[in-house]
Amino acid sequence: MRKDPEIQTSFLRIKQGIRRVIDLIYPRFCVFCHSKLNSNSDYNLCSQCALEINPIKAPFCLKCGAKLDQLSQIRYNGCNRCSNKKYHFDQVLSACKYKGMVKHCIHLFKYKRKRKTKNILSDILIRFLNENFCPKNIDLITAVPLHKHKLRDRGFNQSDLIADKISTALGIESSLDNLCRIKKTVSQVTLNAQQRQLNILGAFSCKNPEEFKNKRILLIDDIFTTGSTLDECARVLKQSGAKEVTCLTIAR
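Quick note: the sequence shown uses the working numbering, first residue 66, plus one each step.
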């Protein structure tokens, strides 16, 4: 059933009016430059800071999610960079380029424990997902887990927090303690693609495989680099009976 455009417009005006009243009583400020926000500001960022977000817009590679220059370059077996690679995940989607404001947000979130940036990153992902992927194609949301030692040191798993926010916003069930990291690996940052793959091999396990059986899974992580971590998680999820694994990252 199609919605009446006049009713939609009326609801939008009411929503904007309520937002303006709330902003007068409880003014919002940009989480970075602290300038006062207006009622139309997105992500709790001022318009100038929001310009530093570098969204990745379609067309994407249908396999690794890389930005393509032309729609004609889309192929189901992957772009030139990944057509000869075999992945366990079905698709990767990344919302932004790992630079500017998004890179700064991820750094503050992971290493400075600035949890207020969670809402910015989650909102970016939710909007991207709604614009580029049908949430109805997802049965369950999970996240790339941290090893218990790193989780203890950091105090939280940033991917878990974002996955939980997305789960609530989209009304899709989440599972954030079933997929677990059983192997303490060295940091992937200084490793090449082959070393990353070997380093992460056998690092994950499922406590209750039945929970993932025949499910279409959305797997959340913060950054896509070579895809080794996501692919190993997807391998374990598929072994547990997952029907499809779509990966979603904030940046690449």
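All C-beta atoms in this analysis are idealised placements derived from N, C-alpha and C, irrespective of residue type, glycine included.
Computed from a predicted structure; not experimentally measured.
Beyond the five residues adjoining it in sequence on each side, D229 comes within less than 7 Å, by CB distance, of S239, L241 in the same chain, given in chain order. In this structure, the alpha-carbon of Q223 lies about 14 Å from that of F289. By the neighbour-count criterion, in which 16 or more other beta carbons inside 10 Å mark a residue as buried, L313 falls on the buried side. For V301, the enclosing alpha helix (DSSP H) has its first and last residue at 293-304.
Taking a C-beta distance under 9 Å as the contact criterion, L295 and F277 do not qualify as a contact pair. A residue is called buried once 16 or more other Cβ atoms fall within 10 Å of its Cβ, and D286 is buried on that count. Taking C-beta separations shorter than 8 Å and ignoring five residues to either side along the sequence, the partners of P92 in its chain run K101, L102, following chain order. A distance below 9 Å separates the beta carbons of A316 and K162.
CA-to-CA, the gap between R140 and C147 works out to about 11 Å.
Rounded to the nearest angstrom, the gap between the Cα atoms of K175 and K151 is 30 Å. Within the stretch 144-211, the complete beta strand (DSSP E) segments of 3 residues or longer fall at 156-161, 205-208, listed in chain order. The stretch 164-182 makes no contact with the stretch 205-216; the number of CB pairs closer than 8 Å stays below 3. Beyond the five residues adjoining it in sequence on each side, I121 comes within less than 7 Å, by CB distance, of K132, S159, A160, C161, K162 in the same chain, given in chain order. For S270, the enclosing beta strand (DSSP E) covers residues 269-271. Between the alpha carbons of F269 and Q262 lies a distance of about 13 Å.
Between L186 and I206, the CB-CB gap reaches or exceeds 9 Å. Judged by DSSP in its simplified three-state form, T290 adopts coil rather than helix or strand.
Taking the C-beta atoms as reference points, L284 is found no nearer than 9 Å to C271. Per the coordinates, the alpha-carbon of G220 lies some 32 Å from the alpha-carbon of N197.
Counting along the chain, the unbroken beta strand (DSSP E) around C312 starts and ends at 309-316. Cβ neighbours of R300 within its own chain (closer than 6 Å, five residues either side excluded): H153.
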